[in-house]
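Encoded as structure tokens, the structure appears first; notes follow it.
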Amino acid sequence: MQHAVGAPLPPPHQPGHGPAAGWSPAGQHPGHPGPAPAPGFAGAPVPPGVPPAQAPQHQVPPQHASAHQPHHAPVPPTPDTTGHVQLPPGGPVAMPSPTPAAGTPDPTATTLAVLLIGPAGAGKTSVAKYWADHRRVPTAHISLDDVREWVRSGFADPQSGWNDHSEAQYRLARRTCGFAARNFLANGISCILDDAVFPDRPVVGLGGWKRHVGPGLLPVVLLPGLEIVLERNAERSGNRRLTDEEVARIHGRMAGWYGSGLPIVDNSQLDVPATARVLDDVLARSIASPPQW
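Per UniProt numbering, residue 1 is the first one in the sequence shown, and the count goes up by one each step.
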């Protein structure tokens with residue numbers, strides 16, 4: 001059999017004849033001498049005039065050639081700085097414990113899971129981003145609306161009518177946010193989530209968040225006046241902007257949070273930095289005396 005490239009294969013080993021030693025490509029290609037054997041090894045040419053008995057003998061194997069060769073210690077492998085990093089799994093988030101030091105707990109230096117509740121236009125996303133940006137400990141902002149809009153084809157927009165598809169995507173987004181929050185918290189990163197949770201739907205609203213994140217989730221309600229909410233909603237665009245009637249209806253349902261026991265912040269006259277400072281004060285009280293929900 002011919003081979004298109006490379007040297008020809010050595011002849012097959014014949015039983016009883018030992019290994020096929022001495023085979024050389026040069027023997028298969030006359031006129032093309034193969035490489036000369038290394039001096040001192042079997043097969044090297046004998047110098048003229050030297051009797052066969054005085055021909056150079058096979059050298060000592062390299063491992064026994066010299067006892068004075070320098071010994072090089074094995075080089076340790078370079079640590080793999082980009083390998084797999086083990087991460088703690090995210091379990092249910094427990095209630096943060098106040099520091100044993102006297103005084104009011106400092107929420108800016110505590111790992112927390114916060115749920116910011118409010119109607120469309122309450123300023124949840126703006127306050128959550130600002131609060132996360134100015135924390136003294138690593139903090140992530142998880143927006144329910146952003147996660148909902150991960151769905152591109154087949155997005156169930158509630159503006160087109162509330163149905164089983166839109167509710168299913170809301171529930172899926174909440175569960176995804178809760179999964180992310182637990183994993184962030186398990187790895188020392190605080191979280192603030194925002195959602196328009198209705199007080200008259202505790203199973204899929206606040207109760208759902210408690211199941212997805214854990215009992216340590218601290219809910220806070222942002223509830224400015226209706227006129228403020230309408231003004232902020234008018235500045236929105238796309239599917240984030242609702243009709244005035246829808247905004248008024250949502251705001252009216254959010255009034256049910258009064259008397260619920262959850263902390264409520266009326267940020268009608270507060271800008272974003274001021275609201276974030278009030279949020280820290282509310283969280284300090286929540287850590288010292290967790291709300292019942």
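Note that CB positions come from ideal geometry on N, CA and C, so glycine has one too.
Presumed contact (8 Å Cβ cut-off) between residue i and residue j, rounded CB distance
i	j	result
Trp131	Ala284	13 Å between Cβ atoms; not a contact.
Pro199	Trp257	5 Å
Ala94	Pro215	7 Å
Leu279	Val221	Not quite, the Cβ-Cβ distance comes to about 11 Å (not below 8 Å), so this is no contact.
Thr108	Arg135	6 Å
Which of helix, strand or coil DSSP assigns to residue i
i	result
Val272	helix
Ala168	helix
Val147	helix
Thr111	coil
Val127	helix
Ile189	coil
Leu116	strand
Asp281	helix
Ala94	coil
Asp195	strand
Ala102	With a pLDDT of 49 at Ala102, under the threshold of 50, the modelled position of this residue cannot be trusted, and the question is left open.
Ala140	strand
Asp133	helix
Ala181	helix
Pro158	helix
Asn163	coil
Pro291	coil
Ser153	coil
Ser286	helix
Residue of the options minimising C-alpha distance to residue i
i	options	result
Ala120	Ser237, Ile287, Asn187	Ser237
Val272	Leu144, Gly216, Gly123	Gly123
Phe155	Ser143, Tyr170, Leu206	Tyr170
Ile287	Val247, Leu217, Ser143, Arg232	Leu217
Leu144	Val127, Asp195, Arg249, Gly252	Asp195
Ile117	Ser190, Glu246, Leu206	Leu206
Pro224	Gln269, Ile192, Gly261, Gly208	Gln269
His251	Glu227, Ser153, Val278, Gly208	Glu227
Arg240	Asn267, Arg175, Gln159, Leu185	Gln159
Val213	Ala109, Gln292, Ile192	Ile192
Ala186	Arg175, Asn267, Glu167, Leu112	Leu112
Val282	His141, Val114, Gly91, Ser126	Val114
Gly259	Gln292, Asp146, Arg249, His134	Gln292
Gly91	Val197, Arg182, Arg232	Arg182
Ala255	Thr110, Val197, Asp164	Val197
Asp146	Val229, Lys210, Arg232, Thr125	Thr125
Asn267	Val229, Asp164, Arg201, His141	Val229
Cβ-based burial, residue i [other Cβ within 10 Å; buried from 16]
i	result
Pro88	exposed
Pro219	buried
Phe179	exposed
Ala173	buried
residue 294	The structure shown does not extend to residue 294, since the chain spans only 1 to 293, so no value can be given for it.
Thr139	buried
His84	exposed
Ser190	buried
Ala128	buried
Gly208	buried
residue 316	Residue 316 is absent from the model: the chain starts at 1 and stops at 293.
Arg249	exposed
Arg152	exposed
Val137	exposed
Near the ligand NAP: residue i beta-carbon under 6 Å from a heavy atom
i	result
Pro158	With respect to the ligand NAP, the structure offers nothing, as it holds no ligand at all.
Problem - Any beta strand (DSSP E) of 3 or more consecutive residues that is wholly inside the region 200-268 - result: Listed in chain order, the complete beta strand (DSSP E) runs (minimum 3 residues) inside the region 200-268 are 218-222.
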